[in-house]
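One structure below.
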Amino acid sequence: MMNSPRFSVAVILSLFLLLAGCAPQSAKEPTPIPVKFVVVTMFEIGEDEGDKAGEFQLWKERQKLTKKFPFPNSFHDIYMNEETGVLAIVTGIGTAYSTSATMALGMDPRFDLSKAYWLVAGIAGIDPEDASIGSAAWAEYLVDGDLAHEIDAREIPEGWETGYFARHTKKPYDPNKPEPTGEMLRLNPELTEWAYQLTKDISLPDLPGLADTRALYTEHPNAQKPPFVLKGDQLAAMTFWHGAIMNDWANKWVDYWSEGKGEFVTSAMEDTGTFLSLSFLHNIGKVDKNRVMVLRTGSNYTMPPPGVTAAESLLAENEGYAGLDASLESAYIVGTAVLDKILGNWDVYKDKVPTPADL
Numbered sequence: 021m022m023n024s025p026r027f028s029v030a031v032i033l034s035l036f037l038l039l040a041g042c043a044p045q046s047a048k049e050p051t052p053i054p055v056k057f058v059v060v061t062m063f064e065i066g067e068d069e070g071d072k073a074g075e076f077q078l079w080k081e082r083q084k085l086t087k088k089f090p091f092p093n094s095f096h097d098i099y100m101n102e103e104t105g106v107l108a109i110v111t112g113i114g115t116a117y118s119t120s121a122t123m124a125l126g127m128d129p130r131f132d133l134s135k136a137y138w139l140v141a142g143i144a145g146i147d148p149e150d151a152s153i154g155s156a157a158w159a160e161y162l163v164d165g166d167l168a169h170e171i172d173a174r175e176i177p178e179g180w181e182t183g184y185f186a187r188h189t190k191k192p193y194d195p196n197k198p199e200p201t202g203e204m205l206r207l208n209p210e211l212t213e214w215a216y217q218l219t220k221d222i223s224l225p226d227l228p229g230l231a232d233t234r235a236l237y238t239e240h241p242n243a244q245k246p247p248f249v250l251k252g253d254q255l256a257a258m259t260f261w262h263g264a265i266m267n268d269w270a271n272k273w274v275d276y277w278s279e280g281k282g283e284f285v286t287s288a289m290e291d292t293g294t295f296l297s298l299s300f301l302h303n304i305g306k307v308d309k310n311r312v313m314v315l316r317t318g319s320n321y322t323m324p325p326p327g328v329t330a331a332e333s334l335l336a337e338n339e340g341y342a343g344l345d346a347s348l349e350s351a352y353i354v355g356t357a358v359l360d361k362i363l364g365n366w367d368v369y370k371d372k373v374p375t376p377a378d379l
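Each residue of the sequence shown is one higher than the one before, starting from 21 at the first, in the working numbering.
Structure below.
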């Protein structure tokens, strides 16, 4: 007597289910670790602890970021304090590094970053027209200094002040420019203002040697002040530029792309890339781009003092930034004030982004 096809299928299915039940169960995916606050730094000088500090070291030591998470798909391992929910990364220097590191962290299944606040805390060149070395500037506008057309200055048409001009335009500072597609990015203005108002009266360290450097800037009153907190926007470019002519261009470039609403204060490399990655991660629900803050502190001036050439000034800075130690301390002091306020009121700020009205 032949077995019916229906009976054979039932037997096979029963055997399959029996064997499946006997097979070892695969481990469940671990629950992602909730992160409250991410500190984004760009470089470390030597070791992560115990020697001359770069941007990362003070955060690791003082925030007790002792839990190491290997991060082979990026520049530097991740460190976290699982009790406080504070995590920090070192992206590497330059837009390519910061973009890839930020995206890699955002896509990492080990972490839940959906409620996390992000603080970029790094050093920068600072415009002596606006502030002094050691000062800390909260940025609202991030302007890219690389996305553009360029003609060598020795070949530019008569009447052009620069060979650098926006893509899809016909001349420098052409008012008929296209909508920005990465040339200008704007952070949450209310969060930026909140961070500034919270920290604007903090006294910053005026370390030995700063006053001597400040005194050289006889034509720039703001450059002669002790370090202070201000609001000021950033030009991000992969080239470490220096000099009065480049400084003038940076001011005009930020003004041009921000429609006169931004003010160039700090020069760095990475932050347009970092924020662009966070914007894309926001689009898929991994992070909230409205919780991003950028704090840059002046380690060096973007132009020389009177009587010093741009080349002399830049080469001297390459021997060691005059305001490095002060800028690192300022970044930690000012950044920690924001971190403490958010974590100390996590029951509120977990679901509500702070605004100046909360102060």
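We put the CB at the ideal spot given by N, CA and C, even for glycine.
| Check | Outcome |
| --- | --- |
| Delimiting residues of the beta strand (DSSP E) encompassing R234 | Unbroken run through R234 is the alpha helix (DSSP H), 230 to 235; no beta strand (DSSP E). |
| Three-state class that DSSP yields for E170 in the structure shown | strand |
| L227, DSSP secondary structure in three states | coil |
| Three-pair Cβ contact test at 8 Å for the region 143 to 154 versus the region 225 to 241 | yes |
| Alpha-carbon to alpha-carbon, S120 and L107 | 17 Å |
| Segment limits, alpha helix (DSSP H) that includes A124 | 115 to 126 |
| Residues bridged to V368 (per DSSP) | V368 is not bridged to any residue. |
| Helix, strand or coil at A156 according to DSSP, with G and I counted as helix | strand |
| Extent of the continuous alpha helix (DSSP H) run through R316 | Note, R316: premise wrong, no alpha helix (DSSP H); beta strand (DSSP E) at 312 to 321. |
| Classification of V354 by the beta-carbon crowding that lies within 10 angstroms, buried from 16 upward | buried |
| Distance between M123 and K135 (C-alpha atoms, nearest Å) | 16 Å |
| 8 Å Cβ cutoff, D308 in contact with chain B | No chain B is present in this structure, which holds just one protein chain. |
| Selected residue, minimal CA-CA separation from V140, among K372, R311, Y321, E81 | R311 |
| Straight-line gap, D275 to T317 (C-alpha atoms, nearest Å) | 21 Å |
| Rounded separation between L255 and K309 - CA only | 19 Å |
| Strand pairing of L107, partner residues [DSSP] | V58, M100 |
| Test item: CB-CB of L250 and V285 under 8 Å | yes |
| Same chain, Cβ closer than 8 Å to I53, five either side skipped, listed in chain order | M100, E102, R130, F131, D132 |
| Beta-carbon gap between F295 and L379 smaller than 8 Å | no |
| P195 versus K272: straight-line alpha-carbon distance, rounded | 13 Å |
| Nearest to P326 (by Cα), restricted to the options Y161, V163, A264, E178 | A264 |
| Endpoints, beta strand (DSSP E) assigned at Q254 | 253 to 256 |
| Unbroken beta strand (DSSP E) run spanning V16, endpoints | Outside the shown range of the chain, which is 21 to 379, sits residue 16, and nothing can be said about it. |
| Simplified DSSP assignment, three categories, for L335 | helix |
| Spatially closest choice to T329 from H262, K48, D164, by CA coordinates | H262 |
| Reduced DSSP category for L205 - H, G, I as helix; E, B as strand; rest coil | strand |
| Reduced DSSP category for A73 - H, G, I as helix; E, B as strand; rest coil | coil |
| For S278, the three-state DSSP class (helix, strand or coil) | coil |
| Among L335, A288, E181, I304, nearest to D268 - alpha-carbon criterion | E181 |
| Rounded Cβ spacing between P177 and F185 (contact assumed at less than 8 Å) | Contact flag wrong, Cβ pair sits at about 11 Å. |
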